[in-house]
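First up is the structure itself, then whatever we jot down about it.
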Amino acid sequence: MKLQMSIPETDSFPLPLYRHLLHFHYPYLLVQHLLVYSRLYFASKMSTGTESLKSVLGISHTNPSAASNLDQYRRIFQNHASKVQGGETYMTKDDFINAILPKDPHSTIHRDQYGILFGLADLQKKGYLSFTDFVVFEDLLARPDAEFVIAFKLFDVEGNGKVSVETFKRVLRSNWDPEAVPFDFQSSWFHLYTGGKKLNQEIGFDAFCQILKGLQAERVRQAFRYFDPENTGHISPENFKTIVRQLGKYKLSEDVIAQSPTLCNVMPDNSISYACVIAFHNVVRQLDLVQAVANASFQMSHSNSITKEDFMKAAFHVGRYSLITPMEVDIIFHFASEGTTSGQLTKGDFSRLLDPTWRPKPAVQSKPEPPSKAEPFGWEALKSAYSFLLGSVAGAVGATVVYPIDLVKTRMQNQRSAVVGQILYKNSLDCFKKVVRGEGLIGLYRGLGPQLIGVAPEKAIKLTVNDLVRGVMTDKATGDIPVWAEMLAGSCAGGSQVVFTNPLEIVKIRLQIQGELAKSKNGPPKRSALWIVRHLGLLGLYKGVGACLLRDVPFSAIYFTAYSHLKRDYFLESPTKKLSLLELLAAGAAAGMPAAYLTTPADVIKTRLQVEAKKGETSYKGIRDAASKILKEEGFRAFFKGGPARIFRSSPQFGVTLAVYELLQRSFPLSVAESKVQTIASKVASPLETPDFQALKSQQALKLLLNFDYKFGLVPNTKPAT
Numbered sequence: 008m009k010l011q012m013s014i015p016e017t018d019s020f021p022l023p024l025y026r027h028l029l030h031f032h033y034p035y036l037l038v039q040h041l042l043v044y045s046r047l048y049f050a051s052k053m054s055t056g057t058e059s060l061k062s063v064l065g066i067s068h069t070n071p072s073a074a075s076n077l078d079q080y081r082r083i084f085q086n087h088a089s090k091v092q093g094g095e096t097y098m099t100k101d102d103f104i105n106a107i108l109p110k111d112p113h114s115t116i117h118r119d120q121y122g123i124l125f126g127l128a129d130l131q132k133k134g135y136l137s138f139t140d141f142v143v144f145e146d147l148l149a150r151p152d153a154e155f156v157i158a159f160k161l162f163d164v165e166g167n168g169k170v171s172v173e174t175f176k177r178v179l180r181s182n183w184d185p186e187a188v189p190f191d192f193q194s195s196w197f198h199l200y201t202g203g204k205k206l207n208q209e210i211g212f213d214a215f216c217q218i219l220k221g222l223q224a225e226r227v228r229q230a231f232r233y234f235d236p237e238n239t240g241h242i243s244p245e246n247f248k249t250i251v252r253q254l255g256k257y258k259l260s261e262d263v264i265a266q267s268p269t270l271c272n273v274m275p276d277n278s279i280s281y282a283c284v285i286a287f288h289n290v291v292r293q294l295d296l297v298q299a300v301a302n303a304s305f306q307m308s309h310s311n312s313i314t315k316e317d318f319m320k321a322a323f324h325v326g327r328y329s330l331i332t333p334m335e336v337d338i339i340f341h342f343a344s345e346g347t348t349s350g351q352l353t354k355g356d357f358s359r360l361l362d363p364t365w366r367p368k369p370a371v372q373s374k375p376e377p378p379s380k381a382e383p384f385g386w387e388a389l390k391s392a393y394s395f396l397l398g399s400v401a402g403a404v405g406a407t408v409v410y411p412i413d414l415v416k417t418r419m420q421n422q423r424s425a426v427v428g429q430i431l432y433k434n435s436l437d438c439f440k441k442v443v444r445g446e447g448l449i450g451l452y453r454g455l456g457p458q459l460i461g462v463a464p465e466k467a468i469k470l471t472v473n474d475l476v477r478g479v480m481t482d483k484a485t486g487d488i489p490v491w492a493e494m495l496a497g498s499c500a501g502g503s504q505v506v507f508t509n510p511l512e513i514v515k516i517r518l519q520i521q522g523e524l525a526k527s528k529n530g531p532p533k534r535s536a537l538w539i540v541r542h543l544g545l546l547g548l549y550k551g552v553g554a555c556l557l558r559d560v561p562f563s564a565i566y567f568t569a570y571s572h573l574k575r576d577y578f579l580e581s582p583t584k585k586l587s588l589l590e591l592l593a594a595g596a597a598a599g600m601p602a603a604y605l606t607t608p609a610d611v612i613k614t615r616l617q618v619e620a621k622k623g624e625t626s627y628k629g630i631r632d633a634a635s636k637i638l639k640e641e642g643f644r645a646f647f648k649g650g651p652a653r654i655f656r657s658s659p660q661f662g663v664t665l666a667v668y669e670l671l672q673r674s675f676p677l678s679v680a681e682s683k684v685q686t687i688a689s690k691v692a693s694p695l696e697t698p699d700f701q702a703l704k705s706q707q708a709l710k711l712l713l714n715f716d717y718k719f720g721l722v723p724n725t726k727p728a729t
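My numbering numbers the first residue of the sequence shown as 8 and each following residue consecutively.
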């Protein structure tokens, strides 16, 4: 039964598209586009403003991402549209291409090839696009199967949801390079899909997608046969280069294409066989898999370089079955090695094969480069003061947030066993309750003053030293740093802070214990922080410094390394993705857990050394003496007293400190230039906010068409249509 409807044809509701959709067999696309266009049509009857479009498209405050997308579409449209007609603004073909064209000057896709997409967006064939046309086209691009749908629409010239065999051949021939190797449509491969000599055979959407997926491999096979008329099983290196350029130009860098004839040097017989050609085609066809295996290889090896054996081992673990053959691995390493004979590749080496825009590094200039513009006088001092101030604020916030837990931790660690003295607290929760009951809420913050005073230089020097050593140990070419170097940087940071940490800790601990001592008979009077400093003297302030080093050096080594890897490997931080506050807190807290618990024994020894022993309690001469006496009198478990409290204190404290530090850097950048960089890099809420993603979507839509021929859409038809 044929559906008849009377709908006026307007710019907001193109009737040819409606007729096309009524016959289109793909249900999801039919419903989606029909709803969009019907809503837009009724919106045009009410209003033409943005708010009307938002309302009819179902965009409201409950769906902010959709609203953001529409706003981004409008900004892109307004920034590029140049044609004005009847008071309305429209996009010309050049405007459209400029809007979606990649900004990379080394892009492997020719500008004119994006005109294919304009032809599909301009369904009414007016030669220009309205904002509605642009929105619907972008909505189509956002679909996960956009490249298949766009390719099908290009071949479905009749708009009836089917592609005839003759139309399929005609469209391919009209877009293929006339100088390319001819394709035999009478091959058994093509007949298997189209029914051989059956007349009026039509291809549906699902079958069409499968043909596209296998078409490139069939072209490779036919091209090899074309260059090997004698059936020797081998072709010349130059003919191989022709095949590579024809079918892989937009996926490969010019350097790889230029070096493709050298593949014969990898093979045992110094020739290029059919197996070699198919292996190379498989590598190009699954470059995403190659990249995934390479990434897994570097993670498994924990090194800056990998061998073929490392790569094969990772390939085995990435998939359930063997996905990459030994010959394909040889090809990968040959083209990624850039002539090196070490047999080891870095991450930068793989870019040569995986990045189609890769270019060799420019030769070193003989003339000295002009000196860079000198920074203003005192700029370095200002940057140091800036880091110091942010570190102070972040450290103060982190210390204040978790200080009650720190007080509980200290009292639990100082508590001796029943053999030595009276048990005051059953556990950390019991300690917390008794402090609040006996000393009030203010008792939980006893000793906070010295902590806030000392935390500024402590955190500043710790963060500065870690960043400094990491910078020295980082490979300038690849940006990579080995794990051992990360741990060394953290160790240096932990060791450097002890000059401030030890005096701070001993004063803080003695203030924290005062509330407990005041409740005992003949307890000493409460002392101020200044009195404690004067009483201890300079040497006394560094009592237990060895134990402090024993705690802080491994703590920072574990913490900074874990924090860096959690941000990069788990939360996927990158130059274009800045982590949210919640992600920063989670990374900092998770990194602090193992660091805090594993260093608890050193913290227990430090606490015992720095607290003045009460009458009748064991006193300690040093680290070894304290460790042996604690083990003998209280058992091994005593070394982990306050361990849970330490986790709940150190883990969130460092998480809060680093999160606040990074947020302060973003919110109060040192210069306007840094502010702009941070603003751009932190935009991750919607990919549409970056023009590069807009271009990426367009390239994805073209990738299937370019699989046919790298000149698809550029060369006019010079061959017969039959």
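Idealized CB from N, CA, C, for every residue including glycine.
Values in this document were obtained by computation on a predicted structure and should not be read as measured data.
Legend entry - Contacting residues, own chain, Cβ-Cβ under 7 Å from Pro71 (five flanking each side not counted): Your numbering for residue 71 matches position 64 in the sequence shown. Low confidence applies to Pro71: its pLDDT is 48, below 50, so where it sits in the model is not reliable, and the reading given next is rough at best. Hits under 7 Å: none found.
Inset, instruction - From the DSSP output, in three-state form, read off Ile210 for me. - result: Start at 1 with the first residue of the sequence shown, and residue 210 comes out as number 203. Here Ile210 sits in strand by DSSP.
Legend entry - Short Cβ contact (8 Å threshold) for Phe567 with Gly497: Numbered from its first residue, the sequence shown carries residue 567 at position 560. Numbered from its first residue, the sequence shown carries residue 497 at position 490. For Phe567 and Gly497, yes; Cβs fall inside 8 Å.
Inset, instruction - Determine contact between the segment 128-143 and the segment 90-98, defined as no fewer than three beta-carbon pairs at a distance below 8 Å. - result: yes
Legend entry - Lys374 classed as buried or exposed, judged by whether at least 16 other C-beta atoms fall within 10 angstroms: Here residue 374 corresponds to residue number 367 of the sequence shown, with the count starting at 1. Any reading at Lys374 must be qualified, since the residue scores a pLDDT of 48, below 50, and its modelled position is unreliable; no value is offered.
Inset, instruction - Write down every uninterrupted run of the alpha helix (DSSP H) in the segment 565-652 whose length is 4 residues or greater and which is fully enclosed by it, in chain order. - result: 588-605, 607-617, 630-641
Inset, instruction - Along the alpha helix (DSSP H) that carries Tyr121, what are the first and last residues, could you check? - result: Translated into positions along the sequence shown, residue 121 becomes position 114. Per DSSP, Tyr121 belongs to no alpha helix (DSSP H) and is neither H nor E.
Inset, instruction - Please report the residue range of the beta strand (DSSP E) in which Val91 lies. - result: Residue numbering aside, residue 91 sits at position 84 when the sequence shown is read from its first letter. Unbroken beta strand (DSSP E) run through Val91: 90-92.
Inset, instruction - Work out the CA separation of Glu580 and Ser635 for me, nearest whole Å. - result: Residue mapping note: residue 635 aligns to position 628 of the sequence shown, counting from 1. Residue mapping note: residue 580 aligns to position 573 of the sequence shown, counting from 1. Straight-line Cα distance between these residues: approximately 45 Å.
Inset, instruction - May I ask which residues mark the beginning and end of the beta strand (DSSP E) holding Glu95? - result: In the sequence shown, residue 95 corresponds to position 88, counting from 1. Element bounds for Glu95: 95-97.
Legend entry - Identity of the residue in Pro510, Ala322, Thr269 nearest Gln293 by Cα: In the sequence shown, the residue the question calls residue 293 occupies position 286. Selected option, being the one with the closest Cα: Ala322.
Inset, instruction - Could you spell out where the alpha helix (DSSP H) holding Trp183 opens and where it closes? - result: Residue 183 sits at position 176 when you count from the first residue of the sequence shown. Per DSSP, Trp183 belongs to no alpha helix (DSSP H) and is neither H nor E.
Inset, instruction - State buried or exposed for Ile339, treating a residue as buried only when at least 16 other CB atoms are found within 10 Å of its CB. - result: Sequence index remark: in the sequence shown, residue 339 carries index 332 (1-based). By the 10 Å Cβ count, Ile339 comes out buried.
Legend entry - Cβ-based neighbour list, Gly553, same chain, cut-off 8 Å, excluding 5 preceding and 5 following: Residue 553 sits at position 546 when you count from the first residue of the sequence shown. Around Gly553: Gly629, Ile630.
Inset, instruction - Evaluate His288 with the Cβ neighbour count: other Cβ atoms within 10 Å of its Cβ, from every protein chain shown; 16 or more gives buried, anything less gives exposed. - result: Position 281 of the sequence shown holds residue 288. Looking at its Cβ environment, which holds 16 or more other Cβ atoms inside 10 Å, His288 is buried.
Inset, instruction - May I have the straight-line CA-CA distance separating Val273 from Ile488, to the nearest angstrom? - result: On the sequence shown, residue 273 is found 266 positions in, with the first residue counted as 1. On the sequence shown, residue 488 is found 481 positions in, with the first residue counted as 1. So the two alpha carbons sit approximately 32 Å from each other.
Legend entry - Nearest neighbour of Glu225, chosen from Lys256, Val188, Pro244 [CA to CA]: Indexing the sequence shown from 1 puts residue 225 at position 218. For the residues Lys256, Val188, Pro244, the minimum Cα distance to Glu225 belongs to Val188.
Legend entry - Minimum C-alpha distance to Leu455 - residue among Met419, Ile468, Leu495, Ala406: Numbered from its first residue, the sequence shown carries residue 455 at position 448. The residue with the shortest Cα to Cα distance from Leu455 is Ala406.
Inset, instruction - Look up Ile218 in the DSSP assignment and say whether it is helix, strand or coil. - result: Here residue 218 refers to the residue found at position 211 of the sequence shown. Here Ile218 carries a helix assignment [DSSP, helix/strand/coil].
Inset, instruction - Could you tell me the distance, in whole angstroms, from the CA atom of Leu721 to the CA atom of Ala598? - result: Taking the first residue of the sequence shown as position 1, residue 721 is located at position 714. Taking the first residue of the sequence shown as position 1, residue 598 is located at position 591. Cα to Cα, Leu721 sits roughly 54 Å from Ala598.
Inset, instruction - Give a yes or no on whether the C-beta atoms belonging to Lys613 and Gly551 are separated by under 8 Å. - result: Numbered from its first residue, the sequence shown carries residue 613 at position 606. Numbered from its first residue, the sequence shown carries residue 551 at position 544. A contact, by the Cβ cut-off of 8 Å.
Legend entry - Spatial neighbours of Asn714 in its chain, beta-carbon cut-off 6 Å, leaving aside the 5 residues before and after: Counted from its first residue, the sequence shown places residue 714 at position 707. The residues are Gln223.
Inset, instruction - Take Val427 and list the residues in its own chain whose beta-carbon comes closer than 7 Å to its own, dropping the five residues that flank it on each side. - result: Working through the sequence shown from its first residue, we reach residue 427 at position 420. Any answer about Val427 is weak, because its pLDDT of 46 lies below 50 and its placement is not dependable; what the coordinates show is given next. Glu624, Thr625, Glu640.
Legend entry - C-alpha gap between Arg653 and Lys416, whole angstroms: Counting from one through the sequence shown, the residue named residue 653 turns up at place 646. Counting from one through the sequence shown, the residue named residue 416 turns up at place 409. Taking the straight line from one Cα to the other gives about 6 Å.
Inset, instruction - Determine the extent of the alpha helix (DSSP H) in which Thr139 is found, giving its start and end residues. - result: For the purposes of this step, residue 139 is taken as the residue at position 132 of the sequence shown. Its alpha helix (DSSP H) spans residues 138-148.
Legend entry - Through-space distance from Val479 to Phe395, alpha-carbon basis: Taking the sequence shown and counting its residues from 1, the one referred to as residue 395 is at position 388. Taking the sequence shown and counting its residues from 1, the one referred to as residue 479 is at position 472. Those two C-alpha atoms are separated by around 21 Å.
Legend entry - Segments of 4+ residues assigned as alpha helix (DSSP H) that fall wholly inside the segment 469-545: 490-525
Inset, instruction - Could you pull the start and end residues of the alpha helix (DSSP H) that Pro244 belongs to? - result: Here residue 244 is taken as the residue at index 237 of the sequence shown, counted from 1. 244-255 is the span of the alpha helix (DSSP H), which, as asked, contains Pro244.
Inset, instruction - Apply the 10 Å Cβ neighbour rule to Ser19 and answer buried if 16 or more other Cβ atoms are within range, or exposed otherwise. - result: Taking the sequence shown and counting its residues from 1, one reaches residue 19 at position 12. Here Ser19 scores only 41 on pLDDT, less than 50, and its place in the model should not be relied on; the value that follows carries that caveat. Buried: at least 16 other Cβ atoms inside 10 Å.
Legend entry - DSSP-derived helix/strand/coil call for Ile313: On the sequence shown, residue 313 is found 306 positions in, with the first residue counted as 1. It is a strand residue.
Legend entry - His352 - DSSP class collapsed to helix/strand/coil: Locating residue 352 in the sequence shown gives position 345, where the first residue counts as 1. Residue 352 is actually Leu in this sequence, not His. The answer is strand: DSSP assigns Leu352 an E or B state.
Legend entry - Beta-carbon separation (whole angstroms), Arg453 vs Leu511, contact threshold 8 Å: By one-based count along the sequence shown, residue 453 stands at place 446. By one-based count along the sequence shown, residue 511 stands at place 504. Incorrect: roughly 15 Å between the Cβ atoms, too far for contact.
Legend entry - Cβ neighbours of Val472 in the same chain (closer than 6 Å, five flanking residues each side left out): Locating residue 472 in the sequence shown gives position 465, where the first residue counts as 1. So the list reads Cys499, Ala500, Ser503, once near-sequence residues are dropped.
Inset, instruction - Work out the CA separation of Met334 and Asp362 for me, nearest whole Å. - result: Along the sequence shown, one-based indexing puts residue 362 at 355. Along the sequence shown, one-based indexing puts residue 334 at 327. Rounded to the nearest angstrom, the two C-alpha atoms are 21 Å apart.
Inset, instruction - Would you identify the three-state DSSP class for Val164, choosing helix, strand or coil? - result: Working through the sequence shown from its first residue, we reach residue 164 at position 157. Correct three-state label for Val164: coil.
Legend entry - Proximal residues to Asn105 (C-beta, below 7 Å), its chain only, five neighbours per side dropped: By 1-based counting over the sequence shown, the position of residue 105 is 98. Sequence-distant Cβ neighbours of Asn105 in its own chain, meaning closer than 7 Å and more than five residues away, are His87.
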